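Data block below; observations after.
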Amino acid sequence: MNRYTISALVTNKSGVLVRVAALFARRGYNIESLSVCKTEDEELSRMTIVLKGDDYILGQMMKQMDKLIDVKKIKRVEEDAVSRELLLIKVRTDAGTRSQVLEISQIFRAKVVDASPEATILELTGKPAKLDGFVTMLMPYGVMELARTGVTSISRGKTTIQDETDYKERI
Amino acid sequence: MKLMGAEILVECLKEQGVSTVFGYPGGTVLDIYDALYRDGTIEHVITSHEQGAAHAADGWARVTGKTGVVIATSGPGATNLVTGIATAYMDSVPVVAITGNVGANFLGRDSFQEIDIFGITLPITKHNYIVKDVNELAGVIREAFCIANSGRKGPVLIDILKNVQSEKADYEPQKPVLPRAKAVPPRALEDAAKAIAQAECPLVMVGGGAIASGASKEVRAFAERLDAPVVSTLMGLGAFPASHPLFMGMMGMHGTATAAKLCLESDCIVAIGTRFSDRVALNRDKFAVGKTVVQIDIDNAELDKNVSVTHAVLGDVKEALTTLIPMLPEKKRAFSETAKAYRAQELASQKPPELGHRILIEAAKLAPKDTIVVTDVGQHQMWTAQYYPVEKPRTFCTSGGLGTMGYGLGAAIGAAKATGKHVILVTGDGCFNMNLNELSTAVTQDLPITILLMNNHALGMVRQWQKLFYGRRFSQTDVRKKTDYVKFAESFGAHGMRIEKEEDVDRVLKAAFALPAPVVVDCCIGSDENVLPMIKPGQTYDTIMTEWEEK
Chain A
1 MNRYTISALV
11 TNKSGVLVRV
21 AALFARRGYN
31 IESLSVCKTE
41 DEELSRMTIV
51 LKGDDYILGQ
61 MMKQMDKLID
71 VKKIKRVEED
81 AVSRELLLIK
91 VRTDAGTRSQ
101 VLEISQIFRA
111 KVVDASPEAT
121 ILELTGKPAK
131 LDGFVTMLMP
141 YGVMELARTG
151 VTSISRGKTT
161 IQDETDYKER
171 I
Chain B
1 MKLMGAEILV
11 ECLKEQGVST
21 VFGYPGGTVL
31 DIYDALYRDG
41 TIEHVITSHE
51 QGAAHAADGW
61 ARVTGKTGVV
71 IATSGPGATN
81 LVTGIATAYM
91 DSVPVVAITG
101 NVGANFLGRD
111 SFQEIDIFGI
121 TLPITKHNYI
131 VKDVNELAGV
141 IREAFCIANS
151 GRKGPVLIDI
161 LKNVQSEKAD
171 YEPQKPVLPR
181 AKAVPPRALE
191 DAAKAIAQAE
201 CPLVMVGGGA
211 IASGASKEVR
221 AFAERLDAPV
231 VSTLMGLGAF
241 PASHPLFMGM
251 MGMHGTATAA
261 KLCLESDCIV
271 AIGTRFSDRV
281 ALNRDKFAVG
291 KTVVQIDIDN
301 AELDKNVSVT
311 HAVLGDVKEA
321 LTTLIPMLPE
331 KKRAFSETAK
341 AYRAQELASQ
351 KPPELGHRIL
361 IEAAKLAPKD
371 TIVVTDVGQH
381 QMWTAQYYPV
391 EKPRTFCTSG
401 GLGTMGYGLG
411 AAIGAAKATG
421 KHVILVTGDG
431 CFNMNLNELS
441 TAVTQDLPIT
451 ILLMNNHALG
461 MVRQWQKLFY
471 GRRFSQTDVR
481 KKTDYVKFAE
491 SFGAHGMRIE
501 KEEDVDRVLK
511 AAFALPAPVV
521 VDCCIGSDEN
531 VLPMIKPGQT
541 YDTIMTEWEE
551 K
């Protein structure tokens with residue numbers, strides 16, 4: 001199984017997310033993460049989807065999504081694209097372990113965003129693999145809870161998702 | 001000018017040239033029904049049940065190519081449409097379904113007859129809407145018609161809140177814009193054309209997309225130029241004339257033995273507007289191994305979905321063929337002669353038909369000119385596909401993808417209403433019982449529908465599978481109903497007739513076809529007539545069974 005990242009520009013209105021999610025559920029696609037945000041154009045939202053599967057599933061998913069009326073542009077994110085994810089993690093810390101946790105945080109360049117006698121919240125942005133590594137390192141101290149945004153990506157250089165042709169315009 | 005939402009809907013339907021709608025009134029569509037009443041120019045056909053109305057809109061659309069319209073109220077009215085919408089979705093039929101919903105101040109509170117029909121129909125519509133603002137209504141309706149009848153066609157549902165129907169907004173009439181299919185550039189077809197030109201034994205495989213695209217003329221010109229035999233999927237019947245010497249019949253699970261042989265022996269399959277469904281390709285991995293396969297389809301997601309093809313062409317079938325035909329050399333081929341010989345041999349070796357088949361063969365001979373044939377689902381559906389020669393596109397309606405038992409009568413009503421032509425509905429006793437309430441609609445509307453009810457007191461197709469795969473354990477497939485269908489028909493105000501033996505066929509059919517009104521012909525056939533040939537699910541074409549064999 002490979003991991004693929006897809007970006008899509010979709011209509012910014014209610015019901016679009018459920019439409020996309022329902023499509024994944026019905027066709028049995030295995031989604032690792034999905035993030036949605038507003039864009040510079042208030043009519044459009046941007047979705048970044050991380051899919052696990054093979055080339056056939058990737059192709060089918062992109063084509064099926066492209067058929068949705070609310071999906072305006074869709075693009076497979078290149079390997080070298082800029083991809084980032086945000087992690088917030090609450091780790092059990094006390095006087096004895098706090099300095100060790102902070103040391104690990106420094107290695108990963110994570111930020112402390114909250115501290116209390118029994119817990120510390122850390123913030124880290126980076127590629128998903130970096131976040132995975134950070135979480136692994138903190139496991140022994142007791143991860144109380146964590147939240148990740150899912151990956152968001154953008155191509156390098158001057159090309160943008162707007163350069164893609166919508167299949168619906170070709171027929 | 002300021003109009004109420006319900007009036008805007010009616011005006012927008014008129015913009016689209018809608019002359020007839022099917023439906024059923026109720027609490028949340030009262031404003032719409034009032035607007036229809038006050039306007040008085042759109043004919044409304046009320047059915048017995050919303051499902052019948054949905055199938056009628058589907059039948060209307062299949063025979064005309066125009067978008068069918070169905071209206072239902074919220075809650076149960078809307079959910080009753082679901083099977084009809086799903087049927088249209090699976091067969092890519094342009095239908096616009098309009099439902100009412102509770103007003104904005106009742107929405108989301110589990111109010112009386114409130115249901116999330118938007119959510120329910122998400123996976124069975126091409127697109128759907130819930131309209132909460134009257135200012136968006138006209139735009140949504142226009143867009144819905146445009147979506148339903150362009151690209152790969154399909155149903156679109158518009159759920160309109162009750163308050164939206166009575167609130168006012170500005171309305172300006174607009175001419176409908178139907179997006180025209182784009183031309184397919186020659187460069188998209190160059191490789192495919194070369195591959196086809198190099199083939200020695202090309203086979204044309206035609207599907208429902210050819211009918212949806214209005215490409216029968218092009219399909220014919222293409223096959224003739226190539227001198228290639230043509231086989232059709234169930235959905236493609238009518239796209240190529242059944243009487244044409246190059247036509248080799250239906251392909252797939254219950255296709256002709258000739259079609260099966262040709263699929264195996266061809267070196268190149270040109271698939272036109274078809275998605276290689278499991279009932280056609282059967283074993284999708286082995287179906288086209290080692291062959292050149294050119295697939296032309298307007299739905300990008302169908303290219304390479306079920307069978308991986310060597311040349312995928314995205315675009316409208318008619319446009320693609322128009323570009324492709326002049327790129328091919330005209331040539332006579334030995335393969336088409338072989339095909340014709342196979343077909344002649346198959347026809348010559350056919351056993352004398354059993355009563356069910358005989359009725360269909362005779363019906364085809366005796367039917368009034370330009371008769372439209374509608375079927376339900378099961379054995380009778382396959383017999384009709386095999387024995388009733390469909391000459392023209394849009395004269396054969398059947399639920400291919402969803403396989404909806406109970407589809408037929410509603411669809412027959414829609415087809416008859418749309419064309420004014422005689423309609424033969426071939427149904428079975430299982431299917432007929434599912435929606436026979438609509439016989440009253442056919443009677444009220446005084447429609448020329450001859451219903452050939454293949455009454456075998458069994459759910460024949462399921463029974464056939466029980467014979468083949470379940471050791472003749474006929475679980476729930478013996479229908480023990482005591483219904484007298486002649487009396488039933490008469491009690492509904494229709495005519496009832498009966499065929500009990502071969503000698504009755506000619507006389508009864510002539511009498512039935514002479515009546516331009518609903519006639520139920522109770523055809524008493526045996527429980528053990530089978531559908532042959534058959535290729536078992538998932539099997540390859542070389543395993544085709546032409547004689548009945550049970551293990």
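Protein chains in written order, with the numbering used here: chain A, 1 to 171; chain B, 1 to 551. Backbone N, C-alpha and C define an ideal beta-carbon position, used for all residues, glycine too. Quantities reported herein were computed from a predicted structural model and do not represent experimental measurements.
Check                                                                                                                   : Outcome
Close-in-space but distant-in-sequence residues of the same chain around B:A514 (CB under 8 Å, 5 per side omitted)      : none
Neighbour-count burial assignment, B:I449, 16 or more Cβ in a 10 Å radius                                               : buried
Beta-ladder partner(s) of A:L173, from DSSP                                                                             : The question about residue 173 of chain A has no answer, for chain A in this structure spans 1 to 171.
Closest Cα partner of B:M327 within the set B:Q466, B:I196, B:G538 and B:G430                                           : B:I196
Three-state secondary structure (DSSP) of B:N300                                                                        : helix
Inter-residue CB distance, B:F222 and B:L321 (contact presumed, cutoff 8 Å)                                             : 5 Å
8 Å contact criterion, which B:Q174 and B:E7 should meet: CB distance rounded                                           : So it is not a contact: roughly 15 Å between Cβ atoms.
Between the CA atoms of A:E32 and B:M253 - distance to the nearest angstrom                                             : 38 Å
B:E529 versus B:A489 - alpha carbon distance                                                                            : 25 Å
Secondary structure of B:F396, DSSP reduced to three states                                                             : strand
Three or more C-beta pairs below 8 Å linking the segment 201-221 of chain B and the segment 270-284 of chain B          : yes
With 16 other Cβ atoms within 10 Å as the buried cut-off, status of B:M1                                                : exposed
Whole runs of the alpha helix (DSSP H) within the segment 394-468 of chain B, excluding any shorter than 4 residues     : 407-419, 429-435 and 439-444
Beta-carbon gap between A:L17 and A:T39 smaller than 8 Å                                                                : no
Min CB distance A:K67 to chain B below 8 Å                                                                              : yes
Residue nearest to B:F432 in terms of C-alpha spacing, selected from B:Q386, B:A442, B:G408 and B:K417                  : B:G408
Three-state class that DSSP yields for B:T41 in the structure shown                                                     : coil
At least three beta-carbon pairs within less than 8 Å, the segment 385-396 of chain B to the segment 211-221 of chain B : yes
Any C-beta of chain A under 8 Å from that of B:H127                                                                     : yes
Under 8 Å between C-beta atoms of A:G53 and A:Y29                                                                       : yes
Test item: CB-CB of A:K72 and A:T159 under 8 Å                                                                          : no
Positions along the segment 111-137 of chain B whose CB lies within less than 9 Å of some CB in chain A                 : F118, G119, L122, P123, K126, H127, N128, Y129 and I130
Span of the beta strand (DSSP E), counted from its first residue to its last, around A:K75                              : V71 to R76
B:Q165, DSSP secondary structure in three states                                                                        : helix
8 Å Cβ cutoff met for B:T404 and B:S48                                                                                  : no
Bridge partner(s) assigned by DSSP for B:I525                                                                           : Its beta-bridge partners do not exist; DSSP assigns none.
Residues from the segment 111-136 of chain A in contact with chain B, defined by Cβ distance under 8 Å                  : none
Residue span of the beta strand (DSSP E) that contains B:T99, given as start and end                                    : V95 to N101
Against chain A: residues of the segment 301-317 of chain B by CB proximity under 9 Å                                   : A301, E302, L303, D304, K305, S308, L314, G315 and D316
CB contact below 8 Å: B:K510 versus chain A                                                                             : no
B:V553 to B:T233 span [Cα, whole Å]                                                                                     : This structure does not reach residue 553 of chain B, given that chain B is present from 1 up to 551, and the question cannot be answered.
Per DSSP, cross-strand counterpart(s) of A:S45                                                                          : A:V10 and A:K38
Range of the contiguous beta strand (DSSP E) that encloses A:L146                                                       : V143 to R148
Beta bridge counterpart(s) of B:Y129 as assigned by DSSP                                                                : B:I158
Coarse secondary structure for B:Q295, derived from DSSP in three states                                                : strand
Cβ shell of B:M434 (< 6 Å), same chain only, five flanking positions each side left out                                 : M405 and G406
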